[in-house]
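*Asks:* One structure, pasted below without further comment.
There are 2 protein chains.
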Amino acid sequence: MVMRMSTLFLRTLREDPVDAEVISHKLLVRAGYVRRAAPGIYSWLPLGYRVLRNVEEIVREEMDAIGAQEVHFPALLPREPYEATNRWEEYGPNLFRLKDRREGDYLLGPTHEEMFTLLVKDLYSSYKDLPLSLYQIQHKYRDEARPRAGILRGREFVMKDSYSFDVDDEAFKRSYDAHREAYIKIFDRLGLDYRIVAAMSGAMGGSASEEFLANATSGEDTYVRSPGGYAANVEAVVTPAPPPVPYDDAPAAHVEDTPDTPTIETLVNHLNEHFPRQDGDWTAADTLKNVLVMLRQPDGTREPLAVGVPGDRDVDEKRLQAQVEPAELEAFTDADFEAFPMLAKGYIGPGVLGEKNASGIRYLVDPRVVEGTRWVTGADQSGKHVLDLVTGRDFTPDGTIEAAEVRAGDPAPDGSGPLELARGLELGHIFQLGRKYSEALGLQVQDESGRLVTPTMGSYGIGVSRAVAAIVENSHDGDGIIWPREVSPADVHVVATGKDETVFTAADELVDEMERSGVSVLYDDRRGVSPGVKFKDSELIGVPTIVVVGRGLADGVVEVKDRRSGERTEVPLANVVAHLRSLLRDS
Amino acid sequence: MVMRMSTLFLRTLREDPVDAEVISHKLLVRAGYVRRAAPGIYSWLPLGYRVLRNVEEIVREEMDAIGAQEVHFPALLPREPYEATNRWEEYGPNLFRLKDRREGDYLLGPTHEEMFTLLVKDLYSSYKDLPLSLYQIQHKYRDEARPRAGILRGREFVMKDSYSFDVDDEAFKRSYDAHREAYIKIFDRLGLDYRIVAAMSGAMGGSASEEFLANATSGEDTYVRSPGGYAANVEAVVTPAPPPVPYDDAPAAHVEDTPDTPTIETLVNHLNEHFPRQDGDWTAADTLKNVLVMLRQPDGTREPLAVGVPGDRDVDEKRLQAQVEPAELEAFTDADFEAFPMLAKGYIGPGVLGEKNASGIRYLVDPRVVEGTRWVTGADQSGKHVLDLVTGRDFTPDGTIEAAEVRAGDPAPDGSGPLELARGLELGHIFQLGRKYSEALGLQVQDESGRLVTPTMGSYGIGVSRAVAAIVENSHDGDGIIWPREVSPADVHVVATGKDETVFTAADELVDEMERSGVSVLYDDRRGVSPGVKFKDSELIGVPTIVVVGRGLADGVVEVKDRRSGERTEVPLANVVAHLRSLLRDS
Chain X
17 MVMRMSTLFL
27 RTLREDPVDA
37 EVISHKLLVR
47 AGYVRRAAPG
57 IYSWLPLGYR
67 VLRNVEEIVR
77 EEMDAIGAQE
87 VHFPALLPRE
97 PYEATNRWEE
107 YGPNLFRLKD
117 RREGDYLLGP
127 THEEMFTLLV
137 KDLYSSYKDL
147 PLSLYQIQHK
157 YRDEARPRAG
167 ILRGREFVMK
177 DSYSFDVDDE
187 AFKRSYDAHR
197 EAYIKIFDRL
207 GLDYRIVAAM
217 SGAMGGSASE
227 EFLANATSGE
237 DTYVRSPGGY
247 AANVEAVVTP
257 APPPVPYDDA
267 PAAHVEDTPD
277 TPTIETLVNH
287 LNEHFPRQDG
297 DWTAADTLKN
307 VLVMLRQPDG
317 TREPLAVGVP
327 GDRDVDEKRL
337 QAQVEPAELE
347 AFTDADFEAF
357 PMLAKGYIGP
367 GVLGEKNASG
377 IRYLVDPRVV
387 EGTRWVTGAD
397 QSGKHVLDLV
407 TGRDFTPDGT
417 IEAAEVRAGD
427 PAPDGSGPLE
437 LARGLELGHI
447 FQLGRKYSEA
457 LGLQVQDESG
467 RLVTPTMGSY
477 GIGVSRAVAA
487 IVENSHDGDG
497 IIWPREVSPA
507 DVHVVATGKD
517 ETVFTAADEL
527 VDEMERSGVS
537 VLYDDRRGVS
547 PGVKFKDSEL
557 IGVPTIVVVG
567 RGLADGVVEV
577 KDRRSGERTE
587 VPLANVVAHL
597 RSLLRDS
Chain H
17 MVMRMSTLFL
27 RTLREDPVDA
37 EVISHKLLVR
47 AGYVRRAAPG
57 IYSWLPLGYR
67 VLRNVEEIVR
77 EEMDAIGAQE
87 VHFPALLPRE
97 PYEATNRWEE
107 YGPNLFRLKD
117 RREGDYLLGP
127 THEEMFTLLV
137 KDLYSSYKDL
147 PLSLYQIQHK
157 YRDEARPRAG
167 ILRGREFVMK
177 DSYSFDVDDE
187 AFKRSYDAHR
197 EAYIKIFDRL
207 GLDYRIVAAM
217 SGAMGGSASE
227 EFLANATSGE
237 DTYVRSPGGY
247 AANVEAVVTP
257 APPPVPYDDA
267 PAAHVEDTPD
277 TPTIETLVNH
287 LNEHFPRQDG
297 DWTAADTLKN
307 VLVMLRQPDG
317 TREPLAVGVP
327 GDRDVDEKRL
337 QAQVEPAELE
347 AFTDADFEAF
357 PMLAKGYIGP
367 GVLGEKNASG
377 IRYLVDPRVV
387 EGTRWVTGAD
397 QSGKHVLDLV
407 TGRDFTPDGT
417 IEAAEVRAGD
427 PAPDGSGPLE
437 LARGLELGHI
447 FQLGRKYSEA
457 LGLQVQDESG
467 RLVTPTMGSY
477 GIGVSRAVAA
487 IVENSHDGDG
497 IIWPREVSPA
507 DVHVVATGKD
517 ETVFTAADEL
527 VDEMERSGVS
537 VLYDDRRGVS
547 PGVKFKDSEL
557 IGVPTIVVVG
567 RGLADGVVEV
577 KDRRSGERTE
587 VPLANVVAHL
597 RSLLRDS
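Next comes the structure, spelled out in structure tokens:
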């Protein structure tokens, strides 16, 4: 296969697109791989579509290798199945909804759990039919609030989604592990720098899940890692609960006047001034901060929630959101305070919250708030705090919640050392759905004894178009893209330089020989374009091996350049194809 | 590649789906290729998706071979470009429209003329950049009024659409011819029985166009063909105009009482009774029937049109519709008659229509209504007709229109004999768009002298998913599908029959050997399924070569069966792969 740049539908750009923030967006547009059609919606140009198809093919090969079977669902889907699982509502404004000419409700599929579950229900009926893994590589739609970052987070994108169906958890574990291994092979072949982290499952439901995150500063996900190998999405970090503290000799709780101390900082200053301690200063960590939020359930109802965290930590909204899904967080407004007159704004404490019957508000605390811990916290009266309030003696929360921020230096939950924070870009997500979808849609099979059992499911996604951008995020330099061999739009970029027709004749012959040998070529055969422009284009476009046919021709050699290292080798014309074939074989 | 039926996601059905009317729909569902997800919206199961991808690959190869370059546009498109070309309105209820979260208007692309034109405008600026042909293989959406016939006419479907851009008509002709040749190769490789017919271009605009129609009784298109090779879509048939008739000795036109003759039949009876002719009876062909319709323009305005055809022919609405596009036909209602009091319902004649100033209604006649022809027609008074009304002497229409029905036996316009009517299924459509889109969207390039010129365009479509169904329409028998080799989901269907494990061992080995030789296999390795069921499934599924491993094994032979001819050959085990490879090579 030869693409000739004299006729190739390609125009490289010298300027970054004005709306581009991340490097992959800039480079993919400038190098002529993609082009914006609407916000978050991109067209693939010839080089770009070739890369996308290469990525798809790698994904397909590895999915086939674990026995997953490829199917293809429509993108335009009826409302009913999504209604049955509540997702028609849950997805909120992220879902593209439309009506057909008969006013029937349809959606553009964001993922296809429902459709796969119904299809298996339609065709299968026995435990003997399982295990089963199905997948598709298909266009998906999500109406992102702020589509940006080019194809890294588009509103129409290509995804590989697969679903496993098993009779029990043990069999599911095998399906899950097979996918995990396949994902490792895929991301390795894509040349990505990535890490597998424990993760929450989000709106999909279910429990166990892992994310494959590319290391990238442009990543939207923050995750933590420890020297001992622990890695988790911030939402998934589990706070180790310290052991209970003895409190037999703790003084009784006592309410004190703390005027004008609505913030932790003013409170700590007041404490140090008016209630100095023997054993050192009061710090924010001695205080218990109670934060109120409203949860909006998918059915539209609102419910208050109080979250208690040590005063030296903020509530991390993303972590809290992950805990309360599918509900959405909303602010606790002044109107809400009016509806709960027992709450003293700025001085809220477990005196009211700890007793459900007092306020009716559910009260969940950080896992560090264990039995026996002693706190300074609001006394439910303006200008007053309570000191020496002991957890388990003076108040009992309704439970714990992972809502406090995670900080660099926090201990890893598995004891593998202090945590470090890093940014990552979600490439893939594998997770245990359990029986959420099979139950909601009535998928059952007969077991060995003829009883109906509900299969357990797994869901596995790869952002295929996003992976193209992630590769660029991971693999570029100041001059342009550097494609890994397996995804490059061509094996070799041949650049014919100079005005002499003999150069083009020699390059033509070389390219013909390459084509016959099965080496795919991007051939810069443009007349009247300067060598400088051609070299710049070759760096920008990023084919891993560049062959320059030009001045060396007089000596019977061409220059073979490695795009990544910049290393140049002079190779006799007659040996070029053999040289390339050995390069391709070795990489 | 081996697909084992013991684990393949496939269930064949004994019963036709209740909503299926056409044979391809029945067979593709029964054989487990596709499954309905919603009206006109289908999911592709593993075997089906394999066939679809085989068809796509053939299309891709032949498009690449003519130098067309593959790109990929989104399916979710912004309104603006379609507004600029009027198609946002023109498509009417066939277009899926939706809003995003910011209330922006979007559509699901039915075809992509606008997007291609804008992309070329975006990147290209010189005549040197042309010719250019771009294509994509992509999901398209049309909200059909009555989606039926399975994937033959779905609401979400796969289409190959390409567009050519040329500086002038001569260059366009080369692009058009190249596509035409590519289409011939594609449909030949798909094993289709098809015909190329002259066609109207429909809502796309432009003039010259041809359709590739599969011969199929389930086809929605009626076309005509002549013994001499003329073929045209009914909408495109051009009526040969007879030479003018001398009328010097024609009597003057005279109005006669013809009470109660509002229909052609009553009129002819009345004429024969009261105005008998010397030279034979009056027939419907002696009368001129004037039909009124309203045209609704895309901007919503309504305009009357009168169509005059010989009384022995009906007006063919599809032909008339094709002539007046983008306007839509609407009935001429009683209210409309009230607005034109000079029209005598049932007795309308050129007396009013022929003089534009009398009624203001445009009057177009059949091409057979040439100068000198003599007619009996309405006298614009209830109960009266005018006789001996001579075209060109007594009235002058505003022009001609191809609205009269085409009948078997009508002469071909090229003199190649009498026409015959046939049914066809549109597989592809190639047509000259002209400058409709480039003008509407401002695509211009500089010509050799630096002047801006507007490129001329061609548009070329293939219904890729429809082709899968068309192949089945063309190639099946009472037992099931018969795939042409190039699109078959596998090269060979190996059926292991019997209960003896040695059969399965031998079949396993044979299948392994096939796989090593690059022969793709659908392998019926199911235990506990009777040979009868397996044979029935193999006929239904339609892989062109079936290898039965069973009874013959004792003699060291297997049976190789040709699905199409039913011919069976006993082949020694050791020779099977060589035998198959020669079959695959020869076909």
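Top line first, the protein sequences correspond to chains X and H. Residue 603, in our numbering, is where the first sequence stops; the numbers in between run on with no holes. Residue 603, in our numbering, is where the second sequence stops; the numbers in between run on with no holes. Cβ coordinates follow ideal geometry from the N, Cα and C atoms, glycine included. This structure is a prediction, so every number in the text was calculated from the model and none was measured.
#1: Apply the 10 Å Cβ neighbour rule to H/Asn591 and answer buried if 16 or more other Cβ atoms are within range, or exposed otherwise.
#2: Can you tell which of H/Pro147, H/Phe173, H/Leu168 has the C-alpha that lies nearest to the C-alpha of H/Asp184?
#3: At which residue ranges does the segment 502-570 of chain H contain complete alpha helix (DSSP H) runs of 4 or more residues, listed in the order of the chain?
#4: Taking just the CA atoms, how far does H/Leu449 sit from H/Val559?
#5: So which residues of chain X does H/Ala161 contact, with C-beta pairs closer than 8 Å?
#6: Answer with yes or no whether the minimum CB distance from X/Asp35 to chain H is below 9 Å.
#7: Can you tell me whether X/Gly222 is buried or exposed? The criterion is at least 16 other CB atoms within 10 Å of its CB, across all chains shown.
#8: Using the beta-carbon of each residue, which ones in chain X are nearer than 8 Å to H/Asp138?
#9: Just the chain H side, please: which residues come within less than 7 Å of X/Tyr210 by C-beta, in chain order?
#10: Quick check on the burial criterion: 16 or more other C-beta atoms within 10 angstroms. Buried or exposed for H/Met220?
#11: Got a sec, what are the start and stop residues for the alpha helix (DSSP H) X/Asp352 sits in?
#12: Give a yes or no on whether 9 Å exceeds the smallest Cβ distance from X/Tyr122 to chain H.
#13: If we ignore side chains and look at the alpha-carbon of each, how far apart do H/Val38 and X/Leu29 end up?
#14: Where do the N-terminal and C-terminal ends of the alpha helix (DSSP H) with H/Glu464 fall, by residue?
#15: Along chain H, in chain order, which residues have C-beta atoms closer than 8 Å to that of X/Glu172?
#16: Tell me whether H/Ser217 is buried or exposed, calling it buried when 16 or more other Cβ atoms sit within 10 Å of its Cβ.
#17: In three-state DSSP terms, what is H/Gly477?
#18: Measure the C-alpha to C-alpha separation of X/Val402 and X/Gly376 and round it to an integer number of angstroms.
#19: In three-state DSSP terms, what is X/Glu319?
#20: Under 9 Å between C-beta atoms, does X/Trp60 make it to chain H?
#21: I'd like the span of the alpha helix (DSSP H) that includes X/Gly64, first residue to last.
#22: Could you tell me whether the Cβ atoms of H/His195 and H/Tyr476 are closer together than 9 Å?
#23: Beta-carbon of X/Val87 versus every beta-carbon of chain H: anything under 9 Å?
#24: For chain H, is any of its Cβ atoms less than 9 Å away from the one on X/Leu168?
#25: Put X/Phe203 into one of helix, strand or coil per three-state DSSP.
#26: Where does X/Asp121 sit, in a helix, a strand or coil, going by DSSP?
#27: The beta strand (DSSP E) that contains H/Ala257, what's its start and end?
#28: By the three-class DSSP mapping on this structure, what secondary structure does H/Phe188 have?
#29: Using the beta-carbon of each residue, which ones in chain X are nearer than 8 Å to H/Ile57?
#30: Hey, how far is the Cα of H/Ser546 from the Cα of X/Ala214?
#31: DSSP on H/His195, reduced to helix/strand/coil?
#32: Run down chain H in chain order and give the residues with a C-beta less than 8 Å from the C-beta of X/Met131.
#33: Starting from X/Lys156, follow the beta strand (DSSP E) in both directions and report where the run begins and ends.
#34: Helix, strand or coil for H/Gly324? Go by DSSP, reduced to three states.
#35: Using a beta-carbon distance cut-off of less than 9 Å, what residues from the segment 23-48 of chain X approach chain H?
#36: Identify which residue in X/Arg501, X/Asp404, X/Val565 has its Cα closest to the Cα of X/Gly367.
*Replies:* In terms of the structure at hand:
#1: Sequence index remark: in the second sequence, residue 591 of chain H carries index 575 (1-based). Classification for H/Asn591: exposed.
#2: Numbered from 1 along the second sequence, position 168 holds the residue referred to as residue 184 of chain H. Nearest option by C-alpha distance: H/Pro147.
#3: Complete alpha helix (DSSP H) runs here, min 4: 517-532, 547-557.
#4: Locating residue 559 of chain H in the second sequence gives position 543, where the first residue counts as 1. Locating residue 449 of chain H in the second sequence gives position 433, where the first residue counts as 1. Roughly 40 Å separates the two Cα atoms.
#5: For this step, residue 161 of chain H is matched to residue 145 along the second sequence. By Cβ distance, chain X contributes Arg117.
#6: Your numbering for residue 35 of chain X matches position 19 in the first sequence. It does not: the Cβ of X/Asp35 has no partner Cβ on chain H nearer than 9 Å.
#7: Locating residue 222 of chain X in the first sequence gives position 206, where the first residue counts as 1. Note on X/Gly222: pLDDT 42, under 50, position unreliable in the model; the coordinate value appears next. Result: buried.
#8: Here residue 138 of chain H refers to the residue found at position 122 of the second sequence. Under the 8 Å cutoff, chain X gives Arg51.
#9: On the first sequence, position 194 is the one that residue 210 of chain X refers to. Correct list: empty, because the minimum Cβ distance to chain H is about 26 Å.
#10: The sequence position of residue 220 of chain H within the second sequence is 204, counting from 1. Residue confidence is low: H/Met220 scores 42 on pLDDT, short of 50, so the model does not pin down where it sits. Its coordinate-derived value is still stated next. Under this definition H/Met220 is a buried residue.
#11: The residue given as residue 352 of chain X occupies position 336 in the first sequence. Membership of X/Asp352 in the alpha helix (DSSP H) is indicated by the continuous run 350-355.
#12: As a working mapping, residue 122 of chain X is identified with position 106 in the first sequence. Yes, because at least one Cβ of chain H sits closer than 9 Å to the Cβ of X/Tyr122.
#13: For this step, residue 38 of chain H is matched to residue 22 along the second sequence. For this step, residue 29 of chain X is matched to residue 13 along the first sequence. So the two alpha carbons sit approximately 52 Å from each other.
#14: Position 448 of the second sequence, counted from the first residue, corresponds to residue 464 of chain H. Element bounds for H/Glu464: n/a, residue is neither H nor E.
#15: On the first sequence, residue 172 of chain X is found 156 positions in, with the first residue counted as 1. Simply Pro90, Ala91, Leu92.
#16: Here residue 217 of chain H refers to the residue found at position 201 when the second sequence is read from its first residue. Per-residue confidence for H/Ser217 stands at a pLDDT of 48, beneath the threshold of 50, marking its modelled position as unreliable; no derived number is given.
#17: Translated into the one-based positions of the second sequence, residue 477 of chain H becomes position 461. Three-state result, H/Gly477: strand.
#18: In the first sequence, the residue the question calls residue 402 of chain X occupies position 386. In the first sequence, the residue the question calls residue 376 of chain X occupies position 360. Cα to Cα, the separation comes out at about 21 Å.
#19: Numbered from 1 along the first sequence, position 303 holds the residue referred to as residue 319 of chain X. Strand, per DSSP.
#20: Translated into positions along the first sequence, residue 60 of chain X becomes position 44. Closer than 9 Å to some Cβ of chain H, the Cβ of X/Trp60 qualifies, so yes.
#21: Position 48 of the first sequence, counting from 1, holds the residue named residue 64 of chain X. Taken as a continuous stretch (DSSP letters only), the alpha helix (DSSP H) holding X/Gly64 covers 62-81.
#22: For the purposes of this step, residue 195 of chain H is identified with residue 179 of the second sequence, where counting begins at 1. For the purposes of this step, residue 476 of chain H is identified with residue 460 of the second sequence, where counting begins at 1. Contact flag set, yes.
#23: Here residue 87 of chain X refers to the residue found at position 71 when the first sequence is read from its first residue. So, interface residue.
#24: Here residue 168 of chain X corresponds to residue number 152 of the first sequence, with the count starting at 1. Under the 9 Å criterion on CB atoms, X/Leu168 is classed as non-interfacial with respect to chain H.
#25: Reading the first sequence from its first residue, position 187 is the one you call residue 203 of chain X. In the structure shown, X/Phe203 sits in a helix (DSSP, three-state: H, G or I).
#26: Position 105 of the first sequence, counting from 1, holds the residue named residue 121 of chain X. In the structure shown, X/Asp121 sits in a strand (DSSP, three-state: E or B).
#27: For the purposes of this step, residue 257 of chain H is taken as residue 241 along the second sequence, with counting starting at 1. Neither: H/Ala257 is in no beta strand (DSSP E) and is coded neither H nor E.
#28: Start at 1 with the first residue of the second sequence, and residue 188 of chain H comes out as number 172. It is helical.
#29: The count along the second sequence starts at 1 and reaches residue 57 of chain H at position 41. Correct list: Pro90, Leu92, Leu93, Pro94.
#30: Translated into positions along the second sequence, residue 546 of chain H becomes position 530. Translated into positions along the first sequence, residue 214 of chain X becomes position 198. Answer to the nearest angstrom: the Cα atoms are 48 Å apart.
#31: Mapped onto the second sequence, residue 195 of chain H falls at position 179. The answer is helix: DSSP assigns H/His195 an H, G or I state.
#32: In the first sequence, residue 131 of chain X corresponds to position 115, counting from 1. Correct list: Ala53, Ser59.
#33: Translated into positions along the first sequence, residue 156 of chain X becomes position 140. Per DSSP, X/Lys156 belongs to the beta strand (DSSP E) from 148-157.
#34: On the second sequence, residue 324 of chain H is found 308 positions in, with the first residue counted as 1. H/Gly324: strand per DSSP, three-state reduction.
#35: Correct list: Thr23, Leu24, Phe25, Leu26, Arg27, Gly48.
#36: Counting from 1 along the first sequence, the entry for residue 367 of chain X is found at position 351. Selected option, being the one with the closest Cα: X/Asp404.
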